[in-house]
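Trainee: Protein chains in written order, with full-length UniProt numbering: chain A, 1 to 371; chain B, 1 to 371; chain C, 1 to 371; chain D, 1 to 371. One structure coming up, written as structure tokens, with questions to follow.
There are 4 protein chains.
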Amino acid sequence: MAPAHRDLLQARVWRVAASGPADVSGVEALFAAGLRPETVVAILGKTEGNGCVNDFTRGYATASFEALFARLGVAAPCLVMSGGTEGALSPHWTVFARESVADATETMDAPALAIGASRTPHLPYHHLGRREQVLLVAQGVKAAMADAGIDAPEDVHFVQIKCPLLTLARVHEADAAGAAVATRDTLKSMGLSRGASALGVAVALGEIDAGEITDAVIGARLDLFSRCASTSAGVELTDHEIIVLGMSRAWRGPLAIDHAVMASAIDTVSVRAAQARLPETARLTAVLAKAEPDPSGMVGGRRHTMLDDSDIAGTRHARAFVGGVLAGVFGMTDLYVSGGAEHQGPPGGGPVAIIVDRIATVDIATMDKES
Amino acid sequence: MAPAHRDLLQARVWRVAASGPADVSGVEALFAAGLRPETVVAILGKTEGNGCVNDFTRGYATASFEALFARLGVAAPCLVMSGGTEGALSPHWTVFARESVADATETMDAPALAIGASRTPHLPYHHLGRREQVLLVAQGVKAAMADAGIDAPEDVHFVQIKCPLLTLARVHEADAAGAAVATRDTLKSMGLSRGASALGVAVALGEIDAGEITDAVIGARLDLFSRCASTSAGVELTDHEIIVLGMSRAWRGPLAIDHAVMASAIDTVSVRAAQARLPETARLTAVLAKAEPDPSGMVGGRRHTMLDDSDIAGTRHARAFVGGVLAGVFGMTDLYVSGGAEHQGPPGGGPVAIIVDRIATVDIATMDKES
Amino acid sequence: MAPAHRDLLQARVWRVAASGPADVSGVEALFAAGLRPETVVAILGKTEGNGCVNDFTRGYATASFEALFARLGVAAPCLVMSGGTEGALSPHWTVFARESVADATETMDAPALAIGASRTPHLPYHHLGRREQVLLVAQGVKAAMADAGIDAPEDVHFVQIKCPLLTLARVHEADAAGAAVATRDTLKSMGLSRGASALGVAVALGEIDAGEITDAVIGARLDLFSRCASTSAGVELTDHEIIVLGMSRAWRGPLAIDHAVMASAIDTVSVRAAQARLPETARLTAVLAKAEPDPSGMVGGRRHTMLDDSDIAGTRHARAFVGGVLAGVFGMTDLYVSGGAEHQGPPGGGPVAIIVDRIATVDIATMDKES
Amino acid sequence: MAPAHRDLLQARVWRVAASGPADVSGVEALFAAGLRPETVVAILGKTEGNGCVNDFTRGYATASFEALFARLGVAAPCLVMSGGTEGALSPHWTVFARESVADATETMDAPALAIGASRTPHLPYHHLGRREQVLLVAQGVKAAMADAGIDAPEDVHFVQIKCPLLTLARVHEADAAGAAVATRDTLKSMGLSRGASALGVAVALGEIDAGEITDAVIGARLDLFSRCASTSAGVELTDHEIIVLGMSRAWRGPLAIDHAVMASAIDTVSVRAAQARLPETARLTAVLAKAEPDPSGMVGGRRHTMLDDSDIAGTRHARAFVGGVLAGVFGMTDLYVSGGAEHQGPPGGGPVAIIVDRIATVDIATMDKES
């Protein structure tokens with residue numbers, strides 16, 4: 001996937017409606033309209049499960065896309081499925097592709113959306129949730145930045161990471177090797193892995209000094225966080241898949257990205273400020289955000305009940321509510337709002353990336369004429 | 001409760017935090033600070049239950065306030081408890097009082113927030129959900145307008161109605177009297193009663209001509225609706241308790257009200273426009289809104305999953321999401337967002353009343369000096 | 001699938017544990033151990049979703065089995081996936097196969113478990129939930145009985161039917177053809193289709209006279225029911241897949257079946273009586289049952305809360321509870337307990353089929369030596 | 001409450017249906033029929049909430065009974081409210097009274113149901129969940145045994161304990177006193193307090209040697225448990241309310257008690273054995289049981305999904321299922337099945353107490369003639 005000539009690359013992004021976890025027809029339609037499957041770098045999905053332990057819509061969607069790419073004879077791209085479309089959030093796929101630009105416009109020199117990808121080496125299970133994972137991810141983020149042709153950390157606006165988790169079998173494998181794991185609780189291992197991965201982003205981007213990271217801060221020192229990280233744990237890998245989104249002069253095309261860091265679930269000021277930094281006439285392409293119940297039990301000084309609700313998981317409440325906050329700002333509901341935000345933005349808040357098309361409408365019907 | 005001299009009245013409104021359904025201590029604190037219990041006209045509560053059939057937090061809160069007023073030797077005011085604080089919505093009470101103004105400022109002649117109340121006669125059970133209920137409520141709304149000193153329908157901004165429902169015993173009573181009820185399904189009777197009551201508001205305010213109302217349109221013709229109605233059904237009454245909020249020159253004080261009608265769950269344009277009609281320097285006192293899952297299955301042209309979710313009731317999704325939309329606009333989470341919006345605003349949308357203090361902060365500590 | 005020589009057939013049944021909706025490895029192990037895929041007639045699955053509208057575990061399991069049979073180059077058998085393993089119910093597959101018996105024991109003439117299958121013609125959408133569907137299914141059941149070599153209705157012990165439902169598209173198709181459907185509510189169409197199919201079983205088995213069936217009784221006259229029917233609606237077909245389980249002298253092998261009809265959720269007397277009719281030394285092979293919340297709101301004269309619970313669907317409560325009742329009787333938790341029991345047994349009760357191995361343990365490890 | 005002459009005491013027990021958490025009318029009817037309120041020792045309630053953190057039905061029921069006893073001018077008895085009537089479990093109150101027997105039958109010398117009560121001293125907050133709590137409860141159990149006139153531990157069949165929990169305020173109070181609490185997690189403190197209380201029962205009854213108890217075993221060594229303990233944590237007390245139920249020759253009357261210890265959720269053998277130890281002609285008066293999801297993830301060697309379900313709490317699944325198992329055995333649904341069974345019976349199992357009337361039906365209508 002490494003580009004031969006960076007200056008000939010262009011990022012393309014589509015939001016595609018899904019009528020269910022197995023509905024890949026919208027992406028097939030993109031292919032039918034000319035998109036080459038091998039240019040797809042990643043697909044981020046919002047599926048309509050509970051986003052918690054027994055959410056099988058993620059696996060179902062992943063299996064459906066794997067079957068699609070297998071039929072096409074192309075290796076599947078990075079697939080990140082986030083369960084939970086609470087409130088009026090709309091199930092959809094966001095497709096990220098990068099293409100060589102045939103007739104690069106020499107005169108255009110403004111930065112454009114850049115997409116980089118990398119995978120880390122296998123993570124030994126006893127390193128999960130520990131300093132070693134943070135450092136491994138930090139290296140991976142730097143590799144993805146290099147792949148994207150982004151040098152300056154301030155040009156990175158969103159880092160999506162799919163990280164591993166512990167299962168009973170993996171704990172036993174570590175036991176057999178005489179290596180003590182950070183936790184034997186498999187659910188807790190997801191939070192630790194997400195948190196350590198987010199701290200890895202922070203270290204790579206210079207938000208936190210690597211010297212500050214000890215095992216003890218992971219999952220505990222919530223004041224340490226990345227402003228760009230979005231991480232999710234999956235059982236299907238033992239390494240890390242990393243996608244970096246940022247701005248680079250080595251890329252072409254109408255797409256641009258910026259991001260906000262919400263200080264709380266109702267902080268629209270930061271979001272509007274990020275929006276204002278993008279061209280006023282730009283058309284919204286995608287919004288990617290993290291949400292979580294404020295661990296203080298309060299939002300804006302008033303009590304919330306998300307963490308005391310034994311009927312609905314707090315993460316579901318948070319997605320529904322922050323989904324509403326952002327849908328009110330952006331006027332659309334197919335937003336990628338994902339839960340589980342350890343070390344990803346401040347406690348109760350989170351990063352929000354905004355991708356826009358500065359020039360024209362990308363329309364599937366006219367897609368083949370564009371490139 | 002009818003005021004002798006309208007020009008000597010002033011409305012007062014407080015939002016009071018609740019630590020649980022039985023926590024009336026914040027209202028007791030208002031009394032301790034000088035508020036006279038007998039001036040309280042209504043208390044609207046958001047309690048942290050599911051807002052559906054087996055929500056006992058409403059009854060628990062009502063019983064707690066009844067016990068409080070009984071201890072004080074004062075008849076309990078109209079108590080409207082709305083269950084459901086999904087997302088980051090915050091459990092709270094909104095207390096409405098009306099007081100005689102000792103030293104009325106002769107020079108002040110601008111309209112101010114006016115509160116009127118009325119009760120209808122007993123509703124025969126076979127009239128529930130039928131044209132007769134609509135007409136009975138319409139009369140009651142006019143009585144409450146008169147009580148508030150409001151003549152023009154356009155000066156009414158919110159009408160909160162507590163209406164009856166059918167129980168098995170009531171159905172049997174109607175049977176015994178040879179009178180056929182509109183439905184034998186007690187849950188469905190709640191929706192019919194809410195809908196008929198909302199249409200009663202529409203008729204009273206001239207939004208719909210009484211001639212248009214037949215039994216068949218109730219619960220069916222969703223294009224017929226009131227822009228100001230907020231209704232909820234309760235088992236504890238067989239008549240209707242009606243509270244009208246509007247603007248009147250016969251009232252004094254800093255409070256003012258306006259309202260929006262959201263066209264959909266993400267329609268913030270209408271809400272911001274209503275906000276803009278109120279003085280820019282005014283301080284927010286209370287927001288009262290209705291929310292429901294869009295029956296079309298779409299919001300803004302994109303599918304939502306609220307109505308297909310067998311784990312979480314659609315009304316809960318709607319409150320969480322619209323709560324987020326409004327909290328993003330108003331920057332606070334103790335909003336009265338209530339579900340079950342039949343004929344209350346357009347399908348998938350709903351009315352939003354905004355009450356502001358135009359002049360000064362109403363502070364409990366300084367309350368006795370104000371009046 | 002029609003057998004050439006009935007006297008050479010033998011039914012085989014396995015319960016196979018599933019670690020998740022996509023885990024078909026246990027069935028693959030059966031194939032590896034010698035079971036020929038083309039002999040599999042049906043797979044009934046209990047998957048760990050909510051068993052309601054947004055249960056994607058059923059579709060995920062079906063897709064996983066379809067992929068498995070496609071890999072094997074064999075047409076997939078009838079796949080009936082029932083969501084919901086509430087309480088301690090255990091996710092599992094029940095595999096039904098029928099094989100030719102190479103060395104038929106001439107002397108053995110006792111009846112044995114017989115399995116018959118049939119499909120009906122396509123059901124016109126405006127016939128769904130109406131008398132026409134009942135009669136169509138009745139014909140199909142008779143065809144499946146013939147396929148099983150069962151003549152007498154009293155030899156039939158369980159009839160599993162997968163029936164169609166209405167979708168918005170199908171309603172529109174009927175509209176376009178000028179044919180009025182029984183309901184435009186797609187969820188309601190599932191109950192109507194299940195109910196009409198169950199009544200079709202009752203007509204085929206002579207439990208109800210066809211003359212008694214009118215459109216009006218379907219879903220309404222709950223006193224009309226089959227004692228053997230188990231029906232479930234699926235979006236993936238527009239005809240009916242019918243599996244008949246019974247006893248026939250034309251079949252060989254150790255398996256036998258009998259059934260009870262629970263009069264209520266706590267009626268263990270009928271279940272123990274059915275168990276007693278089977279040989280005392282027999283080993284339990286499978287239990288298939290239907291469960292539903294008693295529509296009277298009472299079980300054994302005492303109130304239940306299943307139908308008033310807005311947090312957990314009544315069908316989920318019913319499966320958990322009846323699962324417990326039956327697990328207490330049978331001492332195992334991988335029971336096929338399915339919800340949605342319209343016209344399938346009396347209101348609040350339901351049929352329970354018991355399949356036993358009268359002679360020996362069927363063991364995967366020794367399977368190839370057995371046949 | 002201590003009886004002057006033990007040989008003049010008789011226990012009385014009623015199960016009373018509740019139409020909701022505030023419905024105390026059935027108990028009022030007992031009083032109207034002659035039961036003297038001051039003889040009531042305890043009321044155990046099953047209320048229809050979720051039995052988890054945000055279950056307000058427990059507080060609502062407690063407040064309703066406190067108001068009832070206040071109206072009667074009698075101190076409220078021990079009120080233990082257990083939330084959760086999943087499956088077909090029926091909301092009800094079990095009323096325990098002890099009365100002096102006016103005309104004691106000298107000749108009757110068989111043991112009868114005995115009820116003893118005690119309260120421990122205040123538990124310092126830093127002792128909660130630690131060895132000190134175990135020893136304090138052990139002393140309290142011995143006091144309740146003495147109050148019941150029971151000497152031998154084998155005559156004790158059920159010990160119901162209401163124990164305290166930590167709140168944020170209590171943690172801060174301990175902090176201020178320089179005393180470190182066992183946990184700062186208030187939810188976790190409930191489990192620790194229940195577990196330590198259950199171990200206190202075990203120590204008092206000689207099931208475990210006090211020397212075995214260290215802080216480290218509490219909540220960890222699940223192989224250490226009492227066969228008779230049923231404990232629940234409540235925010236409203238800082239000591240322990242203890243009720244001992246057993247058999248004593250110092251008591252009179254037709255009631256008797258025995259108990260089983262279920263080894264797993266489907267262990268009906270132990271329950272039937274306990275039932276068989278009671279007179280065959282006896283009429284069932286009450287069943288009291290504990291249930292929990294098997295922490296091994298298996299029941300009878302097969303996987304259950306209770307602990308992986310993010311939609312329904314595992315304790316709710318367990319109550320529904322074990323409720324079904326026991327309702328199948330006893331043929332009634334108003335069983336006291338309570339969750340949260342740390343150190344109360346073996347992991348995944350739990351104690352089941354059975355109270356029967358050996359002679360006659362206790363009937364409210366004829367109650368005043370009986371005593």
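Where is the CB? At the ideal position from N, CA and C, for every residue including glycine. On a predicted model such as this, the values are computed, not experimentally measured, just so you know.
Output the distance between the C-alpha atoms of R303 (chain B) and V322 (chain B), rounded to the nearest integer angstrom.
Mentor: Reading the second sequence from its first residue, position 303 is the one you call residue 303 (chain B). Reading the second sequence from its first residue, position 322 is the one you call residue 322 (chain B). R303 (chain B) and V322 (chain B) have their C-alpha atoms roughly 16 Å apart.
Trainee: Can you have a look at T214 (chain B) and say buried or exposed, based on whether 16 or more other CB atoms are within 10 angstroms of its CB?
Mentor: Counted from its first residue, the second sequence places residue 214 (chain B) at position 214. Exposed.
Trainee: Please determine whether the Cβ atom of L68 (chain B) lies at a distance below 6 Å from any heavy atom of the ligand NAP.
Mentor: The ligand content of the structure shown is nil, which means the ligand NAP is not present either.
Trainee: Can you list, in chain order, the residues of its chain whose CB lies under 6 Å from that of G200 (chain A), leaving out five sequence neighbours each side?
Mentor: Locating residue 200 (chain A) in the first sequence gives position 200, where the first residue counts as 1. Counting only Cβ-Cβ distances below 6 Å, and skipping sequence neighbours, we find V134, V137 and A138.
Trainee: In chain order, what residues of the UniProt region "RU C" (255-371) of chain D put their CB closer than 8 Å to some CB of chain A?
Mentor: T305, D308, D309, S310, D311 and A313
Trainee: Quick test of your reading: V299 (chain C) and A265 (chain C), contact by CB under 8 Å. State the CB separation rounded to the nearest angstrom.
Mentor: The sequence position of residue 299 (chain C) within the third sequence is 299, counting from 1. The sequence position of residue 265 (chain C) within the third sequence is 265, counting from 1. Their Cβ separation, rounded to whole angstroms, is 5 Å, which keeps V299 (chain C) and A265 (chain C) in contact under 8 Å.
Trainee: Between the beta-carbon of V40 (chain A) and the beta-carbon of P77 (chain A), is there less than 7 Å?
Mentor: Residue mapping note: residue 40 (chain A) aligns to position 40 of the first sequence, counting from 1. Residue mapping note: residue 77 (chain A) aligns to position 77 of the first sequence, counting from 1. In contact: V40 (chain A) and P77 (chain A) (Cβ atoms closer than 7 Å).
Trainee: Is the CB-CB distance between S248 (chain D) and I150 (chain D) below 7 Å?
Mentor: The sequence position of residue 248 (chain D) within the fourth sequence is 248, counting from 1. The sequence position of residue 150 (chain D) within the fourth sequence is 150, counting from 1. Yes, Cβ-Cβ distance for S248 (chain D) and I150 (chain D) is below 7 Å.
Trainee: Using 7 Å as the threshold, is the C-beta distance between A117 (chain A) and D155 (chain A) below it?
Mentor: For the purposes of this step, residue 117 (chain A) is taken as the residue at position 117 of the first sequence. For the purposes of this step, residue 155 (chain A) is taken as the residue at position 155 of the first sequence. In this structure, D155 (chain A) does not lie closer than 7 Å to A117 (chain A) by Cβ.
Trainee: To the nearest whole angstrom, what separates the beta carbons of A202 (chain A) and A179 (chain A), a pair I think is in contact under 8 Å?
Mentor: Here residue 202 (chain A) refers to the residue found at position 202 of the first sequence. Here residue 179 (chain A) refers to the residue found at position 179 of the first sequence. Between A179 (chain A) and A202 (chain A) the Cβ distance is about 26 Å, and since that is not below 8 Å, they are no contact.
Trainee: Unbroken alpha helix (DSSP H) runs of length 4 or more, entirely within the segment 165-196 of chain A: which are they?
Mentor: 168-176
Trainee: Are V53 (chain B) and D308 (chain C) touching if we call contact CB-CB under 7 Å?
Mentor: On the second sequence, residue 53 (chain B) is found 53 positions in, with the first residue counted as 1. On the third sequence, residue 308 (chain C) is found 308 positions in, with the first residue counted as 1. Going by C-beta atoms, V53 (chain B) is nearer than 7 Å to D308 (chain C).
Trainee: Does the pairing of the segment 12-26 of chain B with the segment 88-98 of chain B give three or more beta-carbon distances under 8 Å?
Mentor: Remark: three or more beta-carbon pairs, one from each stretch, lie closer than 8 Å, so the segment 12-26 of chain B and the segment 88-98 of chain B are flagged as touching.
Trainee: Mind listing, in chain order, the continuous alpha helix (DSSP H) runs of no fewer than 4 residues lying wholly within the UniProt region "RU C" (255-371) of chain D?
Mentor: 268-277, 314-330 and 367-370
Trainee: Since G26 (chain B) is in the alpha helix (DSSP H), which residue starts that stretch and which ends it?
Mentor: If you number the second sequence from 1, residue 26 (chain B) lands on position 26. Where G26 (chain B) is concerned, the enclosing alpha helix (DSSP H) stretches over S25 to A32.
Trainee: Determine, using beta-carbon pairs with one atom in the segment 158-165 of chain D and one in the segment 241-256 of chain D, whether at least three such pairs fall under 8 Å.
Mentor: Yes, the segment 158-165 of chain D touches the segment 241-256 of chain D.
Trainee: Among A:L222, A:G129, A:L187 and A:G234, which one has its Cα closest to the Cα of Y193 (chain A)?
Mentor: Walking along the first sequence from the start, residue 193 (chain A) turns up at place 193. A small correction: the amino acid at residue 193 (chain A) is Ser; Tyr does not occupy that position in the sequence shown. Nearest of A:L222, A:G129, A:L187 and A:G234 to S193 (chain A), Cα basis: A:G129.
Trainee: Could you tell me which residues DSSP puts in a beta bridge with K46 (chain B)?
Mentor: Numbered from 1 along the second sequence, position 46 holds the residue referred to as residue 46 (chain B). Paired residue(s): B:S82 and B:H92.
Trainee: Let's see if you can read the secondary structure: which residues bound the beta strand (DSSP E) around S230 (chain C)?
Mentor: On the third sequence, position 230 is the one that residue 230 (chain C) refers to. Start and end: A229 to A233.
Trainee: What span of residues does the alpha helix (DSSP H) with S64 (chain D) cover, start to end?
Mentor: Locating residue 64 (chain D) in the fourth sequence gives position 64, where the first residue counts as 1. Start and end: T57 to L72.
Trainee: For E212 (chain A), which of helix, strand or coil comes out of DSSP?
Mentor: Taking the first residue of the first sequence as position 1, residue 212 (chain A) is located at position 212. E212 (chain A) carries a helical assignment under DSSP once its states are collapsed to helix, strand and coil.
Trainee: When DSSP builds the beta bridges, which residues end up paired with M247 (chain A)?
Mentor: If you number the first sequence from 1, residue 247 (chain A) lands on position 247. DSSP lists A:L113 as partners of M247 (chain A).
Trainee: With DSSP run on the structure shown, which of helix, strand or coil describes L9 (chain B)?
Mentor: For this step, residue 9 (chain B) is matched to residue 9 along the second sequence. Three-state result, L9 (chain B): strand.
Trainee: Quick check: the segment 316-334 of chain B against the segment 287-297 of chain B, are at least 3 beta-carbon pairs closer than 8 Å?
Mentor: yes
Trainee: Relative to the C-alpha of H172 (chain B), which candidate in B:Y125, B:P153 and B:A143 has its C-alpha closest?
Mentor: Locating residue 172 (chain B) in the second sequence gives position 172, where the first residue counts as 1. Cα-wise, what sits closest to H172 (chain B) is B:Y125.
Trainee: Please report the Cβ distance between L222 (chain A) and P295 (chain A), rounded to the nearest whole angstrom; I am assuming they are in contact, meaning their Cβ atoms lie under 8 Å.
Mentor: The residue you call residue 222 (chain A) lines up with position 222 of the first sequence. The residue you call residue 295 (chain A) lines up with position 295 of the first sequence. Between P295 (chain A) and L222 (chain A) the Cβ distance is about 7 Å, and since that is below 8 Å, they are a contact.
Trainee: Tell me, please, whether the CB atom of T107 (chain B) is closer than 7 Å to any CB atom in chain A?
Mentor: In the second sequence, the residue the question calls residue 107 (chain B) occupies position 107. Because T107 (chain B) carries a pLDDT of 49, less than 50, the predicted location of this residue cannot be relied on, and no value is offered for it.
Trainee: Under 8 Å by Cβ, that's how I've got G87 (chain C) and A320 (chain D) pegged, so tell me the actual separation to the nearest angstrom.
Mentor: If you number the third sequence from 1, residue 87 (chain C) lands on position 87. If you number the fourth sequence from 1, residue 320 (chain D) lands on position 320. Confirmed, Cβ separation roughly 5 Å.
Trainee: Where does G345 (chain C) land, buried or exposed, given buried means 16+ other C-beta within 10 angstroms?
Mentor: Position 345 of the third sequence holds residue 345 (chain C). Burial call: buried.
Trainee: What residue range is occupied by the uninterrupted beta strand (DSSP E) comprising V159 (chain B)?
Mentor: As a position in the second sequence, residue 159 (chain B) is number 159, starting the count at 1. Counting along the chain, the beta strand (DSSP E) containing V159 (chain B) begins and ends at V156 to C163.
Trainee: Please classify G211 (chain D): is it buried, with 16 or more other beta-carbons within 10 angstroms of its beta-carbon, or exposed?
Mentor: Numbered from 1 along the fourth sequence, position 211 holds the residue referred to as residue 211 (chain D). Classification of G211 (chain D): exposed, given that the 10 Å Cβ count is below 16.
Trainee: Taking the alpha helix (DSSP H) that A143 (chain C) falls in, what are its first and last residues?
Mentor: By 1-based counting over the third sequence, the position of residue 143 (chain C) is 143. That run of the alpha helix (DSSP H) goes R131 to A148.
Trainee: So, does the CB of V101 (chain B) fall closer than 7 Å to a CB anywhere in chain C?
Mentor: Walking along the second sequence from the start, residue 101 (chain B) turns up at place 101. The Cβ of V101 (chain B) sits no closer than 7 Å to any Cβ of chain C.
Trainee: Kindly indicate if chain B contains any beta-carbon less than 7 Å away from that of V235 (chain C).
Mentor: Working through the third sequence from its first residue, we reach residue 235 (chain C) at position 235. No, V235 (chain C) does not count as interfacial toward chain B.
Trainee: Within the 7 Å Cβ cut-off, does T57 (chain A) reach chain C?
Mentor: As a first step, residue 57 (chain A) must be located in the first sequence, where it is residue number 57. Interface residue, yes.
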